[in-house]
Structure formats: structure tokens, C-alpha cells
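Numbering follows our numbering, with no gaps: position 213 of the sequence shown is 196.
No residue lacks a Cβ here, since even glycine has one placed at the ideal position from N, Cα and C.
These numbers come from a predicted model, not from an experiment.
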Amino acid sequence: MEKRLEDSIGWMDEALQKAILTIAHLSADMRYEFPEKRGATTTKNIYGETQQKLDVWADKILTEALLNTGSVRAVISEERENPTTGPGEYVITMDPLDGSSNIKSNNIFGTIIGIHKEKELLVPGKKQIAALYVLYGPITSIVMATEDGVCEYDYEERKRSYYLSREGITLPEEGKIYSVGGGNEGWSSPFSSFVDSLVERHLKLRYGGAFVGDVNQVLNYGGIFCYPETAKKPQGKLRLVIECNPMAFIMTKAGGAASNGHGDILKIKPREITERTPVYLGNKDLVGELERALR
Ligand code: P6P
């Protein structure tokens, strides 16, 4: 008997279930709107990046729906300068549409969600109680991590529900792929040597340009995802709070490691919502090797 997402999270308190199921149900419906909402807006987000129509729309409908659940105290979104507050107890950190540069080319993109219920809004990623990403791929799927581990749910169109497809997901022992964001201009020589060593060990390059899709490949095949610091971008590109912490939580619960090059990303106390960080996620042996190389 296939287990539905609703049944799989029945152990959670009702407020948390409502928040997660709201994201799940909305994500399934969002797909139908994608074709009409391709293309860029004339506005830029707080990072100075041109917003795609889907960025703005996904942020709006997810934020409103989450606040309407009554479960959410604040939504911290990539698309907004300040948190949007509500009457509930959970804090949601969100990249509503990660990988929007892939919309034009119809490549994979997704939604990244982190959930905590600490008093402070900005807390280390280890304080998250759940994290998930929605992958808008050939299959719409959700990968979610809680204290109990990592599960995947596939959306079954005919039944209009998400069903558990894998549970207890752990990284393969041996890493097979590597994925490096940005160009190689300005890499430190230790990082460059590390990447060369991966090639020499016959790891395969898999880079799709969306954090969710690239980390999902590492979760499935083992290896390492890197968006490194460079000479021009010493803090890298990806955002600590709304992108890296949820993905780091999931990778860690799958038995992997998450580093900023010098230590566990999940231990960093964010100074501000917009803070960026270099990010390295994947098999513990590879992440550890890279940390030693960067010392
Ligand atoms: P680059 C997508 O725009 C994103 O924020 C992440 O999803 C992705 O990992 C990264 O930027 C891609 O950046 O510089 O490789 O195009």
C-alpha cells in the first residue's frame, strides 16, 4: 500500500503538517502555471538579480498560503528584503524558485524550504526541525529531512497526491560525481588542485545550474557540490539562510557533510538574511579532504 505524504507526516504536530502540506499541494498546482509565466520582469531582487516572473509569483502565492495556515510566525524569502510575519509558531526560510535561470532553457528548478521554531529569526541551520526541496523535473518530487532521516515523495498526477517513493535515503559510500557552480575564474589554487584530483579519480562532472537539482544529483550518486569562494566573490554566491542551510540539513541527515570550507555550515550563526557563504556539500570523506586542502 503506497503511503501518502499526509500519512507519512502524521506524527508531526498539526501546525507543522499544515505548513508542509500547503507547500506540497501548492507546488503541484504551480506547475500548471509555469508555461504562461516564463520570462523576466523589469524588477530586481534584493541581490540585484533580475527577477523572473515565476520568482515573484511563486514567492507571492507561497508566502500568502503559508501565512493563511496560521502555523507560520515569519516567512524569510529570497525575494523580499524583510521577513513577512504571521500569527503562528514556525519560521519558514524559502527560496521560492531556485534555479530561475533554468526557466528559459526548461531545465530543472525547484523550491527550497527550511523550518525552525526558535525565538530568534536568524539561527544556525542546526536548529532547523525540517527542511525540504521541491524538484520540478520530469517528476515533481519532494525530498524532505527531519530528525528521523530523509524521504522522497513523488507526485502522482492521476491521484493528485504525493506518495512516498524512498525513505531512509543515505549518500552512496563512494562519490561518483562533482558539481561546481560559477566559472573557474578566481579559484584558489588549493581548490583548483582539489577539483583536478576529482577528475583524476574519474568522478564525473554533473552541473545543471540549479542548486536543488545539482545537490539532488549528489544525494543520489554521491560526490560533492561546490559553489566556492573566488578572488572576486570571497563569500561565494549562494545564500546561507534561504539556500545553504536547508540543503545542508538534508545532506547531513543523509549521512553527508556540509561545509563553508572551514567548518560545519549548520553551526554558523547568520548575521543577516542576505549573508552569502561558500558551500561544499557531499560525502564526508570528500568534504573533509577539501577542508584540509583549504587550510
Ligand atoms: P551560476 C540559480 O540562479 C542559483 O541561485 C543556484 O540555484 C545555482 O546553484 C547558482 O545560482 C548557479 O550560479 O553562477 O553557476 O550560474
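Sixteen is the threshold: when 16 or more other Cβ atoms of the shown chains lie within 10 Å of the Cβ of LEU264, as they do, the residue is buried.
Under the rule that a run must span 3 or more residues, the beta strand (DSSP E) segments found entirely inside the stretch 131 to 179 read 132 to 139, 144 to 149 and 160 to 163. According to the DSSP secondary-structure assignment, HIS99 is paired through a beta bridge with VAL74. With contacts defined by Cβ atoms closer than 8 Å, LEU9 and ALA48 form a contacting pair.
For SER(-9), the enclosing alpha helix (DSSP H) stretches over residues -12 to -9.
Here the residues close to ligand 1, judged by CB distance below 7 Å to any of its heavy atoms, are ASP81, GLY82, SER83, SER84, GLY164, GLY165, GLY192, ALA193, PHE194, VAL195, ASP197, TYR210, LYS220, LEU221 and GLU226 in chain order. Within the same chain, ALA276 and LEU277 come within 6 Å of PRO173 by CB-CB distance, once the 5 residues on both sides are set aside. Taking a contact as a CB-CB distance under 8 Å, the pair ASP38 and SER83 counts as one, their CB atoms being some 5 Å apart.
In the three-state scheme derived from DSSP, where H, G and I count as helix and E and B as strand, ILE225 is classed as helix.
Its Cα nearest to that of LYS109, the residue ASP247 stands out among GLU274, GLY271, ASP247 and ARG254.
Rounded to whole angstroms, the gap between the alpha carbons of LEU202 and LEU(-12) is 20 Å. Of the other Cβ atoms in all chains shown, fewer than 16 fall within 10 Å of the Cβ of MET(-16); this residue is therefore exposed.
The count of Cβ pairs closer than 8 Å, one atom from the stretch 220 to 232 and one from the stretch 93 to 106, reaches three, so the stretches are in contact. ARG275 carries a helical assignment under DSSP once its states are collapsed to helix, strand and coil. The closest CA to that of GLY93, considering only LYS236, PRO121, LEU104 and GLU103, is found on PRO121. A Cβ-Cβ distance of about 31 Å is found for the pair PRO70 and LYS250, leaving them out of contact under the 8 Å criterion. When Cβ pairs closer than 8 Å are counted between the two stretches, the stretch 176 to 187 is seen not to touch the stretch 55 to 69, the count staying below three. Around the beta carbon of ALA7, 16 or more other beta carbons sit within 10 angstroms, so the residue counts as buried. Counting C-beta pairs closer than 8 Å gives fewer than three between the stretch 160 to 173 and the stretch 130 to 150, which falls short of the contact rule. TYR136 is the residue among GLN34, TYR136, GLU157 and LYS267 whose C-alpha sits nearest the C-alpha of LEU4.
Residue pairing by DSSP puts ALA128 in a beta bridge opposite ALA114 and VAL133. Note that the C-beta distance between GLY22 and LYS36 is below 8 Å.
GLY238 carries a coil assignment under DSSP once its states are collapsed to helix, strand and coil. DSSP, reduced to helix, strand and coil, places ILE86 outside both helices and strands of the structure shown, so it counts as coil. Contact between the stretch 255 to 273 and the stretch 219 to 227 is present: 3 or more CB-CB pairs across the two stretches fall below 8 Å.
Across the structure, ARG254 and ILE(-8) are spaced so that their CA atoms are roughly 32 Å apart.
DSSP, read as helix, strand or coil, puts ILE91 in coil. Between GLY271 and ALA240, the CB-CB gap stays under 8 Å.
Look at ALA41 here: in three-state DSSP terms it is helix.
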